[in-house]
Structures are given as C-alpha cells and as structure tokens.
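Residue numbers (this note's numbering): 12 to 260. Every residue gets a Cβ at the ideal spot worked out from N, C-alpha and C, and that includes glycine. As the structure is a computational prediction, the values presented were derived from the model and not from experiment.
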Amino acid sequence: MGYYVAANLMHSVMTRFMVQKVVRRHFGNDVPDVYELSKNVSFVLQNGHATVTYPRPFLPNVAEIACIHCRPPKRLPEDLENFIEESGDAGFIYFSMGSSVKASNMPEYFRNMLMIVFRNLPQRVLWKYEADDMRDLPSNVMLGKWLPQQDILGHPKLKAFVTHGGLLSMFETVYHGVPIVTLPVFCDHDSNAAKAESDGYALKLDLNTLTPELLLRAIKTVIRDRSYKTQVKHRQKLLLDQQETPLEK
Numbered sequence: 012m013g014y015y016v017a018a019n020l021m022h023s024v025m026t027r028f029m030v031q032k033v034v035r036r037h038f039g040n041d042v043p044d045v046y047e048l049s050k051n052v053s054f055v056l057q058n059g060h061a062t063v064t065y066p067r068p069f070l071p072n073v074a075e076i077a078c079i080h081c082r083p084p085k086r087l088p089e090d091l092e093n094f095i096e097e098s099g100d101a102g103f104i105y106f107s108m109g110s111s112v113k114a115s116n117m118p119e120y121f122r123n124m125l126m127i128v129f130r131n132l133p134q135r136v137l138w139k140y141e142a143d144d145m146r147d148l149p150s151n152v153m154l155g156k157w158l159p160q161q162d163i164l165g166h167p168k169l170k171a172f173v174t175h176g177g178l179l180s181m182f183e184t185v186y187h188g189v190p191i192v193t194l195p196v197f198c199d200h201d202s203n204a205a206k207a208e209s210d211g212y213a214l215k216l217d218l219n220t221l222t223p224e225l226l227l228r229a230i231k232t233v234i235r236d237r238s239y240k241t242q243v244k245h246r247q248k249l250l251l252d253q254q255e256t257p258l259e260k
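This is the structure we're talking about:
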C-alpha cells in the first residue's frame, strides 16, 4: 500500500510540475493537462520484456516494445577503434553511468578509486566522463564525454560493461550479449541490477560499501567466470527470438 501511494504521488508531482512544462514549451499552451490525460489512456507502449524485467500479465491494450531502440553495432570512430585494437587479446572494458548520472559529478575519492581499479586491469578501459578535469589518467584508459554505447557494446573485443543499471542500458547489454557489473544509484537501478544478478549475467555492488578490491574482483569475475557470458548469451537469444520486432508490434 505504501509503495502504491508513493508511486502515485511521484507520478502526480512529475507530470504536474515537470512533464507539463516541457510538453507546453514544445507543443503550446493548448495541450491538455498531462496528469488528467494519463487517467484516460487507450493504449500503452510498455518498455519491458521478461528477459530483463519481471514477467507480468497485461491487458490487451498494452504492447511490450522493449529494445525498440536497439540495433546492430556500427564501426567505431577511428580513434576509438585504434585504442581498442591496441588492447590485443586482453580486450577492453566499458564504464558508463548513463546520461542521468554524470561521472564528472562524483566525489574525488570515487574517481580516485576507479583509477586504482583501472590501473590494475590488464584490459583497456573506455570511460564515459563528461569533464576535462581528470588528472593522472592511467595509460590504459580513454575518456569520452559522449560514447556510441551500442557500437561499443557490440564490439567483439568488449569483455565487460560497468553500468549504473538504467533500464535502457540493461536492455542494450542483453541485446548485445555482454556480462556486467552494476553500481546502482537511484530509482529503478537497484531492482534492475538485482534482477540481472539473479538471472546470472551480472554482479551487483553497493556504492556505499564499494572498495577498489571489491570492484576489481567483480570485474575479473564476470570476465573469467564463463557462466556470466553464457547466461547473458542465453538471455540475448530469448530477447531476439520474437515473432515480431518491437517496431512491428
């Protein structure tokens, strides 16, 4: 009951004070109240699929179109491709906290901890980092304010993905078949990460108790223990084995 009340309160606040302003800024003041519109929905496009989210029953007016944005990887820009190719057989790791969590806003101790971990990895690291203030960057690390995530996730030399656990990233990692280490921050991140760990293709860590040793061990585990790769490849097969593509639905 408490969750239901909290969810409805959050929905009301977000639609009335955030979404409404954005909608009217782009479409004009004649657009009806978004909160009232949400009470009379004829059809719902649901961003979910049992390979990543929990299975649940839906009415006929709901279509699951998860991964509608997913696509096969394209060739990476030359600078990224050269950096990755020079990794040799060790391959590389991709670190990104998504678009809602900026790594550049994280505390100094956290950035230092990441650099300790990255220095001790045999792989190269692509790190989505939005600022120009990084000092003492390890030689095996390359920063990018924006990185083509799906093209990176689909690269054959990628060994693991360290992510915040956002839903779109979770679907992309299953679509491309990459084992992950999750560092949940807020909102749905924790439940997404817990589901992935339960499904066997992820290790979930807690930012409040994270240490360099824990993160380093987790990354090495999902790379060396082939069960993580096997499980995510199984999920990938299930996700792609649909009669219709999400767009066709």
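In the DSSP assignment, the alpha helix (DSSP H) including M126 goes from what residue to what residue? Per DSSP, M126 belongs to the alpha helix (DSSP H) from E119 to R130.
List the endpoints of the continuous alpha helix (DSSP H) containing F8. This structure cannot speak to residue 8, because the chain is shown only from 12 to 260.
CB of L137 within 8 angstroms of CB of F103, strictly: Yes. Within cutoff.
Less than 8 angstroms between the C-beta atoms of D162 and K85, yes or no? Against a cut-off of 8 angstroms, the Cβ pair of K85 and D162 comes out as a contact.
Would you kindly check if the distance between the Cβ of L226 and the Cβ of V189 is under 8 angstroms? Not a contact, by the Cβ cut-off of 8 angstroms.
Where do the N-terminal and C-terminal ends of the alpha helix (DSSP H) with V16 fall, by residue? Start and end: G13 to M25.
Under 8 angstroms by Cβ, that's how I've got I234 and Y212 pegged, so tell me the actual separation to the nearest angstrom. Contact between I234 and Y212 is absent: CB atoms are separated by about 12 angstroms, not below the 8 angstroms threshold.
CB-CB length for I76 against K260, believed under 8 angstroms: Right, the Cβ-Cβ distance comes to about 6 angstroms (below 8 angstroms), so this counts as a contact.
Beta bridge counterpart(s) of I191 as assigned by DSSP: Per DSSP, the beta-bridge partners of I191 are F172 and A213.
What three-state label does DSSP hand E183 in the structure shown? In this structure, DSSP gives E183 a helical state, which the three-state scheme calls helix.
Alpha-carbon to alpha-carbon, P118 and L339: Because the chain here runs from 12 to 260, residue 339 falls outside it and cannot be looked at.
State buried or exposed for N123, treating a residue as buried only when at least 16 other CB atoms are found within 10 Å of its CB. Taking all protein chains in view, the Cβ of N123 is surrounded by fewer than 16 other Cβ atoms within 10 Å, so the residue is classified as exposed.
Excluding the 5 residues preceding and the 5 following D144 in the sequence, name in chain order all residues of the same chain whose CB lies nearer than 8 angstroms to its CB. Within the same chain, D144 has close Cβ partners S115.
Give me the DSSP bridge partner(s) of L56. Answer is A74, bridged to L56.
Mind reading off the beta-carbon distance from C81 to E183? Whole number of angstroms is fine, and I expect it under 8 angstroms. Beta-carbon to beta-carbon, C81 and E183 are separated by about 6 angstroms, close enough to satisfy the 8 angstroms threshold.
Coil, strand or helix - M108 by DSSP: Residue state for M108 is assigned as coil, using DSSP reduced to three classes.
Pair within 8 angstroms by beta-carbon distance, V45 and V30: In terms of Cβ geometry, V45 and V30 form a close pair [threshold 8 angstroms].
Sort out for me which residues DSSP pairs G155 with in a bridge. According to DSSP, G155 bridges with K139.
Burial state of R67 (16 or more Cβ within 10 Å): Here R67 is exposed: its Cβ has fewer than 16 other Cβ atoms, across all protein chains shown, within 10 Å.
Straight-line gap, Q253 to K240 (C-alpha atoms, nearest Å): Between Q253 and K240, the alpha-carbon positions lie close to 21 angstroms from each other.
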